[in-house]
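Undergrad: Take a look at this one; I'll ask things after.
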């Protein structure tokens, strides 16, 4: 995933991870995992060539030359983003049409409001969403994240910029084409379930198919399939007021999946749920993503939720992207003090892999210690590290990439507790 400004220049949205020279090249993504033994972290190709599948750990703010090389390589291998956002702005106010594209956009948010009486909700946002990834947009209230996702689907009309879905400019679509896109290409899951109270669960799930004109029997068959997929097989004939909050949100998920969309947008869907139900629904999204492989764009204000769900995370502030990257990059290399404040209480040993703390081998090092791949999450090496005096070898393809001392691992585990 790359982030660049509308004029083609790029700015640094992240700090480089430690010891980048120890990161080998050309590794393809393995099995998707968030909380298992390893977290996939592909090696960096200095020429900008990316694996065909969405990956964790890809640098996100590339120099312009590498950005162009990456785009050329992607085209050469047939890899294109599912969603490409370029120079997107949203201005709320009485003179939106006149202001768009004017020098006034160079003003700070405060100066802009003072001079124009209008507000910039999304400011020059650009990013790519790769096929099949979970792309999380995170920020506090007022950061612009919900406005952004509504601009992507044109529930709110952007003021400037492009939103490309498989190369098609959504902003150029007329009303008929936009309806078709919403019915067949993408769907949304909102915080407000929006269920029809007089309809059974199965009829709520089938409602979108009914609106687009699908015949009754095929749409009900599809609705039954989706109810079973989200664990509502026993509730298909129930009505919304007979369901818990979590069950109602499952209906919303099933309804969004029923149309077999290419992209699913989630706008803080679980923020109103109780913590235990929220956790269950997060796990449900992870399971569904593994099973159906949809591209997902997920909006949240909850860092823990973002880290749990996201292949890539964008952090917004005052309408801008302040950092973008994998969960490891956001936690391990915050771009500025704002992001650092967000992640300061995160248990880094549960997120970062050994590549973040490994060091070069020294002549006097013992090289017969335990071996782990570079994608091993730090916490999963604790038990072995505690039982040996020898440094752990970080090995890939038979080659030693670096070493990790026991004190480094135990120090990473203790870091959060020392701060708290």
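Residue numbers (the working numbering): 29 to 448.
Don't be surprised by glycine CBs; every beta carbon is placed ideally from N, CA and C.
#1: Please report how far the alpha carbon of residue 115 lies from the alpha carbon of residue 155, in whole angstroms.
#2: Taking C-alpha atoms, which residue in 384, 388, 391 and 418 lies nearest to residue 399?
#3: Beta-carbon separation of residue 309 and residue 298 under 7 Å?
#4: Between which residues of its own chain and residue 87 is the CB-CB distance below 6 Å, once the five residues before and five after are set aside?
#5: Could you give the distance in angstroms between the alpha-carbon of residue 244 and the alpha-carbon of residue 236?
#6: Within the segment 167 to 233, note down every full beta strand (DSSP E) run reaching 3 residues or more, in order along the chain.
#7: Under three-state DSSP, which class holds residue 383?
#8: Can you give the beta carbon distance from residue 405 to residue 440, rounded, assuming they're within the 8 Å contact cut?
#9: What whole-angstrom Cβ distance do residue 123 and residue 144 have, given they're in contact under 8 Å?
#10: Note down, in chain order, each residue of its chain lying with its Cβ closer than 7 Å to the Cβ of residue 238, except the 5 sequence neighbours on either side.
#11: Return the CA-CA distance between residue 301 and residue 220, expressed in angstroms with no decimal places.
#12: For the pair the segment 270 to 281 and the segment 330 to 347, tell me if three or more CB-CB distances fall below 8 Å.
#13: Under 6 Å: does the beta carbon of residue 239 sit that close to some heavy atom of the ligand MG?
#14: Please give me, in chain order, every unbroken run of the alpha helix (DSSP H) with length at least 4 that falls completely inside the segment 240 to 320.
#15: On the DSSP bridge assignment, give the partners of residue 114 in chain order.
#16: Specify the secondary structure class of residue 350 as computed by DSSP and reduced to three states.
#17: How is residue 340 classed by DSSP in three states: helix, strand or coil?
#18: Applying the 10 Å Cβ sphere with the 16-neighbour rule, what's the burial state of residue 415?
#19: So residue 427 is in the beta strand (DSSP E); what residue range does that whole segment cover?
#20: Going by Cα to Cα distance, which pick from 296, 131 and 120 is closest to residue 150?
#21: Could you spell out where the alpha helix (DSSP H) holding residue 405 opens and where it closes?
#22: Pull the bridge partners of residue 156 from the DSSP assignment, please.
#23: So residue 360 and residue 337 are supposed to be a Cβ contact under 8 Å. How far apart are they, rounded?
#24: What number of angstroms, rounded off, separates the C-alpha of residue 207 from the C-alpha of residue 132?
#25: How would you write the range of the alpha helix (DSSP H) that residue 323 sits in, first residue to last?
#26: Should the segment 256 to 263 be regarded as contacting the segment 187 to 206, the criterion being three or more beta carbon pairs within less than 8 Å?
#27: For residue 95, does the three-state DSSP call read helix, strand or coil?
#28: Leaving out the 5 sequence neighbours to the left and right, which residues in its chain are closer than 8 Å to residue 179 when beta-carbon positions are compared?
#29: Can you find the residues in the same chain that come closer than 6 Å, C-beta to C-beta, to residue 362, ignoring five residues on each side of it along the sequence?
#30: Starting from the Cα of residue 232, find the closest Cα among 284, 427, 347 and 319 and give me that residue.
#31: Could you please give the first and the last residue of the uninterrupted beta strand (DSSP E) stretch that includes residue 421?
#32: Have a look at residue 375 and residue 126 and give me their C-alpha separation to the nearest angstrom.
#33: Are the beta-carbon atoms of residue 164 and residue 111 separated by less than 7 Å?
#34: State yes or no: is the C-beta of residue 153 within less than 7 Å of the C-beta of residue 349?
#35: Residues in its own chain within less than 7 Å of residue 364 by CB, not counting five upstream and five downstream?
#36: If you draw a straight line from the C-alpha of residue 442 to the C-alpha of residue 170, how long is it?
TA: A quick look at the data gives this:
#1: For the purposes of this step, residue 115 is identified with residue 87 of the chain shown, where counting begins at 1. For the purposes of this step, residue 155 is identified with residue 127 of the chain shown, where counting begins at 1. C-alpha separation (whole angstroms): 9 Å.
#2: Here residue 399 corresponds to residue number 371 of the chain shown, with the count starting at 1. With distances taken between Cα atoms, residue 399 lies closest to 418.
#3: Position 281 of the chain shown, counting from 1, holds the residue named residue 309. Position 270 of the chain shown, counting from 1, holds the residue named residue 298. Yes, the Cβ-Cβ distance between residue 309 and residue 298 is below 7 Å.
#4: Position 59 of the chain shown, counting from 1, holds the residue named residue 87. With a pLDDT of only 32 at residue 87, under the threshold of 50, the placement of this residue in the model should not be trusted; the figure read from the coordinates follows. Result list for residue 87: empty, nothing under 6 Å.
#5: Taking the first residue of the chain shown as 1, we reach residue 244 at position 216. Taking the first residue of the chain shown as 1, we reach residue 236 at position 208. For residue 244 and residue 236, the gap between their C-alpha atoms comes out near 12 Å.
#6: Taken in chain order, the complete beta strand (DSSP E) segments of 3 residues or longer contained in the segment 167 to 233 are 188 to 193 and 214 to 218.
#7: Sequence index remark: in the chain shown, residue 383 carries index 355 (1-based). Residue 383 falls in the helix class under three-state DSSP.
#8: Residue mapping note: residue 405 aligns to position 377 of the chain shown, counting from 1. Residue mapping note: residue 440 aligns to position 412 of the chain shown, counting from 1. Not confirmed; about 10 Å, so no contact.
#9: If you number the chain shown from 1, residue 123 lands on position 95. If you number the chain shown from 1, residue 144 lands on position 116. With 8 Å as the limit, residue 123 and residue 144 qualify as a contact, their Cβ atoms being about 6 Å apart.
#10: Taking the first residue of the chain shown as 1, we reach residue 238 at position 210. Around residue 238: 247.
#11: Numbered from 1 along the chain shown, position 273 holds the residue referred to as residue 301. Numbered from 1 along the chain shown, position 192 holds the residue referred to as residue 220. Using only the alpha carbons, I get a separation of about 11 Å.
#12: The segment 330 to 347 and the segment 270 to 281 do not touch, with fewer than three beta-carbon pairs separated by less than 8 Å.
#13: No copy of the ligand MG appears in this structure; indeed no ligand is present at all.
#14: The qualifying runs are 244 to 257, 273 to 286 and 303 to 320.
#15: For the purposes of this step, residue 114 is taken as the residue at position 86 of the chain shown. Per DSSP, 190.
#16: Against the chain shown, residue 350 aligns to sequence position 322. In the structure shown, residue 350 sits in a strand (DSSP, three-state: E or B).
#17: The residue labelled residue 340 in the question sits at position 312 within the chain shown. Residue 340 sits in a strand when the DSSP states are folded into three classes.
#18: Position 387 of the chain shown, counting from 1, holds the residue named residue 415. Label assigned to residue 415: exposed.
#19: As a working mapping, residue 427 is identified with position 399 in the chain shown. Element bounds for residue 427: 427 to 432.
#20: As a first step, residue 150 is located in the chain shown; it is residue number 122 there, counting from the start. Out of 296, 131 and 120, 120 has the C-alpha closest to the C-alpha of residue 150.
#21: Looking up residue 405 in the chain shown gives position 377. Judged by DSSP secondary structure, residue 405 falls outside any alpha helix (DSSP H); it is assigned neither H nor E.
#22: Translated into positions along the chain shown, residue 156 becomes position 128. DSSP lists 112 as partners of residue 156.
#23: Here residue 360 corresponds to residue number 332 of the chain shown, with the count starting at 1. Here residue 337 corresponds to residue number 309 of the chain shown, with the count starting at 1. So it is not a contact: roughly 18 Å between Cβ atoms.
#24: In the chain shown, residue 207 corresponds to position 179, counting from 1. In the chain shown, residue 132 corresponds to position 104, counting from 1. Approximately 34 Å between the Cα atoms of the pair.
#25: Walking along the chain shown from the start, residue 323 turns up at place 295. Annotation: residue 323 is outside any alpha helix (DSSP H); the continuous beta strand (DSSP E) that includes it extends over 323 to 328.
#26: Flag = no, the segment 256 to 263 and the segment 187 to 206 do not touch.
#27: The count along the chain shown starts at 1 and reaches residue 95 at position 67. Residue placement at residue 95 cannot be trusted, given a pLDDT of 38 that sits under 50; the coordinates are not used to answer.
#28: If you number the chain shown from 1, residue 179 lands on position 151. Around residue 179: 116, 118, 150, 185, 186 and 191.
#29: Residue numbering aside, residue 362 sits at position 334 when the chain shown is read from its first letter. Here the set comprises 368 and 371.
#30: Taking the first residue of the chain shown as 1, we reach residue 232 at position 204. Checked all of 284, 427, 347 and 319; the closest Cα to residue 232 is 284.
#31: Reading the chain shown from its first residue, position 393 is the one you call residue 421. Residue 421 -> beta strand (DSSP E) spans 420 to 424.
#32: Position 347 of the chain shown holds residue 375. Position 98 of the chain shown holds residue 126. Those two C-alpha atoms are separated by around 48 Å.
#33: Counted from its first residue, the chain shown places residue 164 at position 136. Counted from its first residue, the chain shown places residue 111 at position 83. No, they are not a contact pair.
#34: Position 125 of the chain shown, counted from the start, is the residue given in the question as residue 153. Position 321 of the chain shown, counted from the start, is the residue given in the question as residue 349. Between residue 153 and residue 349, the C-beta gap is smaller than 7 Å, which places the two residues in contact.
#35: For this step, residue 364 is matched to residue 336 along the chain shown. Counting only Cβ-Cβ distances below 7 Å, and skipping sequence neighbours, we find 350.
#36: Counting from one through the chain shown, the residue named residue 442 turns up at place 414. Counting from one through the chain shown, the residue named residue 170 turns up at place 142. Cα-Cα distance, rounded: 34 Å.
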